[in-house]
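**Student:** Numbering (my numbering), first residue to last: 5 to 558.
Backbone N, C-alpha and C define an ideal beta-carbon position, used for all residues, glycine too.
1. Can you find the residues in the same chain that come closer than 7 Å, C-beta to C-beta, to residue 259, ignoring five residues on each side of it along the sequence?
2. Expressed to the nearest angstrom, what Euclidean distance is found between the alpha-carbon atoms of residue 80 and residue 447?
3. With DSSP as the reference, identify every bridge partner of residue 471, one or two as the case may be.
4. Rank 526, 168, 54, 100 by C-alpha distance to the C-alpha of residue 190 and give the top, closest one.
5. If you draw a straight line from the C-alpha of residue 162 to the C-alpha of residue 410, how long is it?
6. Out of 415, 195, 278, which one is the CA nearest neighbour of residue 98?
7. Over the uninterrupted alpha helix (DSSP H) stretch that includes residue 267, give me the two end residues.
8. Quick one: what does DSSP say residue 63 is sitting in, helix, strand or coil?
9. May I ask you to report which of helix, strand or coil DSSP gives residue 424?
10. With distances taken from CA atoms, which of 363, 482, 491 is nearest residue 64?
11. Straight-line CA distance for residue 196 to residue 23?
12. Judging by CA-CA distance, which residue of 184, 136, 118 is the nearest neighbour of residue 48?
13. Indicate the three-state DSSP secondary structure (helix, strand or coil) for residue 302 in the structure shown.
14. Mapping the DSSP letters down to three states, classify residue 295 as helix, strand or coil.
15. Using the beta-carbon count (16 or more within 10 Å), is residue 25 buried or exposed?
16. What residues in its chain sit with their C-beta under 6 Å from that of residue 329, if we drop five residues either side in the sequence?
17. Which class does residue 484 belong to by DSSP, given the choice of helix, strand or coil?
18. Can you have a look at residue 313 and say buried or exposed, based on whether 16 or more other CB atoms are within 10 angstroms of its CB?
19. Could you spell out the range, first to last residue, of the alpha helix (DSSP H) harbouring residue 382?
20. Measure the CB-CB distance between residue 104 and residue 272 and report whether it falls below 8 Å.
21. Going by CA-CA distance only, name the one from 504, 404, 420, 84 that's closest to residue 239.
22. According to DSSP, is residue 537 helix, strand or coil?
23. Please classify residue 338: does DSSP put it in a helix, a strand, or coil?
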């Protein structure tokens, strides 16, 4: 039976959070025509705050609800998936973070154009960014209606659609008004609330089992309907023809794809120097590690306290498992204090949803304004580019909201998987080659971005997430021809192969020119060392012209 007072409390909390966060964006958003302020916030965040913002961008609503559901339903495989998310951020920290900060300025297009200048490169970077982020954006926008309906007790389709439209408009406002600094503050508030409320729930779950993790796992296995298989590898992919390879493909996709999604990498450009980006990433990795521990305990606790049948009945993919586990941890009857704590949990999820999509809209708007509109001819004035960036937030957000209202009744798990596959198969090879391979050419870059993306889109249509099973996006159809759930095992090597092939097929003269161009900036990209002055201004030229701007003054 639903608790009306808890629902009323949640509605008041949601309204207060939406109002306060929008006010934060208005107060901290750029009030001058300065692109550095909108795109990077002048690098004014401390390493701790920037690290929390990176963790906030990395942990999306899909991560909390989806990962919690997989853990509750699949046990060991879900915990491995959660650990893969932490490993992904560690990969970004040790391999890509500093070179990204040194090579980039505002967008991923700047990173690629540093090596291979040209409008075609920026257009391809923009297309890859939009293609990678739009699917996961749709999932979270569509899920906002379901989440609000579940929390507030409404069941009508009209209410769900209204939530998608209202919350989508709020997310566009965050991105357009707040810019990088405004959305960073929302991400910080989100991660603090998420980790704080999650820690309370995890402690309550462990207390229910006398602080014995073994008893918790045994109870979860007993109510999972899988027995010991719940605690061993392979349950998630047991229905496929190659479960071991399917699991390897899935984990590889998460590790490489999560590290290279544009809304995460854009936070690297806000650090003022290499030491700060290292310290920021240390805070981010620590925060994500705590989140992995929390979501694992809560997910397993949901299986132990609620049971598989009740979780699957509420949502076949288990997306409500985190909430069901949190509610069960407080017991069948909640005191006023416990009701307040549960409201904090639901508010943290609500804020996670808002902040995640706002960060993705901002990343898409930035690349659309800076890589496409600002480089199509004469360099626009800062005021005009800033206006373009804000209009781009509308141009990205409005179609995404409308698409989300159309597809919200379907299983959208394939779209989340597609985003990670695109990040792993197109963006990861392009970034690795651009930052570390001296001979990498424009043709190789375009082949990587376009070929890797097309490969993912084609292969994903043949997976059992799209058709061929009752839980697929099109349960009544069966055009399942690809043997794995994710495309990574095929599309990731193909992305690297296409980049290599496009480069070696380029004329030797162009390869030598590209190698010379890279060697001129190699010290800058890999270590942040000063380089000789090159012709052309820094904002649009292919080479850096000195130390990056670190504050409100040049």
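**Tutor:** The relevant details are as follows:
1. Position 255 of the chain shown, counting from 1, holds the residue named residue 259. Short of 7 Å from the beta carbon of residue 259, and not among the five residues preceding or following it, lie these beta carbons of its own chain, in chain order: 88, 91, 92, 95.
2. Taking the chain shown and counting its residues from 1, one reaches residue 80 at position 76. Taking the chain shown and counting its residues from 1, one reaches residue 447 at position 443. Straight-line spacing of the CA atoms in residue 80 and residue 447 works out to 42 Å.
3. Your numbering for residue 471 matches position 467 in the chain shown. Beta-bridge pairing links residue 471 to 478.
4. What you label residue 190 is simply residue 186 of the chain shown in a count that begins at 1. Among 526, 168, 54, 100, the Cα nearest to that of residue 190 belongs to 54.
5. By one-based count along the chain shown, residue 162 stands at place 158. By one-based count along the chain shown, residue 410 stands at place 406. Residue 162 and residue 410 have their C-alpha atoms some 12 Å from each other.
6. Translated into the one-based positions of the chain shown, residue 98 becomes position 94. The shortest C-alpha separation from residue 98 is found at 278.
7. As a first step, residue 267 must be located in the chain shown, where it is residue number 263. Taken as a continuous stretch (DSSP letters only), the alpha helix (DSSP H) holding residue 267 covers 266-269.
8. As a position in the chain shown, residue 63 is number 59, starting the count at 1. Residue 63: coil per DSSP, three-state reduction.
9. Taking the chain shown and counting its residues from 1, the one referred to as residue 424 is at position 420. Correct three-state label for residue 424: helix.
10. Start at 1 with the first residue of the chain shown, and residue 64 comes out as number 60. Comparing Cα-Cα distances from residue 64 to each of 363, 482, 491, the minimum goes to 363.
11. Here residue 196 is taken as the residue at index 192 of the chain shown, counted from 1. Here residue 23 is taken as the residue at index 19 of the chain shown, counted from 1. Distance between the alpha carbons of residue 196 and residue 23 is about 18 Å.
12. Walking along the chain shown from the start, residue 48 turns up at place 44. Closest by alpha carbon: 184.
13. Stepping through the chain shown from its first residue, residue 302 is reached at position 298. It is helical.
14. As a working mapping, residue 295 is identified with position 291 in the chain shown. Helix at residue 295.
15. In the chain shown, the residue the question calls residue 25 occupies position 21. By the 10 Å Cβ count, residue 25 comes out buried.
16. For the purposes of this step, residue 329 is taken as residue 325 along the chain shown, with counting starting at 1. 302, 305, 306.
17. Position 480 of the chain shown holds residue 484. The answer is coil: DSSP assigns residue 484 none of H, G, I, E or B.
18. Taking the chain shown and counting its residues from 1, the one referred to as residue 313 is at position 309. The residue is exposed, with fewer than 16 neighbouring Cβ atoms inside 10 Å.
19. Locating residue 382 in the chain shown gives position 378, where the first residue counts as 1. From DSSP, residue 382 is part of no alpha helix (DSSP H); its letter is neither H nor E.
20. The residue labelled residue 104 in the question sits at position 100 within the chain shown. The residue labelled residue 272 in the question sits at position 268 within the chain shown. For residue 104 and residue 272, yes; Cβs fall inside 8 Å.
21. Stepping through the chain shown from its first residue, residue 239 is reached at position 235. Nearest C-alpha to residue 239: 84.
22. Counted from its first residue, the chain shown places residue 537 at position 533. Low confidence applies to residue 537: its pLDDT is 49, below 50, so where it sits in the model is not reliable, and the reading given next is rough at best. Coil.
23. Position 334 of the chain shown, counting from 1, holds the residue named residue 338. Three-state DSSP puts residue 338 in coil, outside helix and strand.
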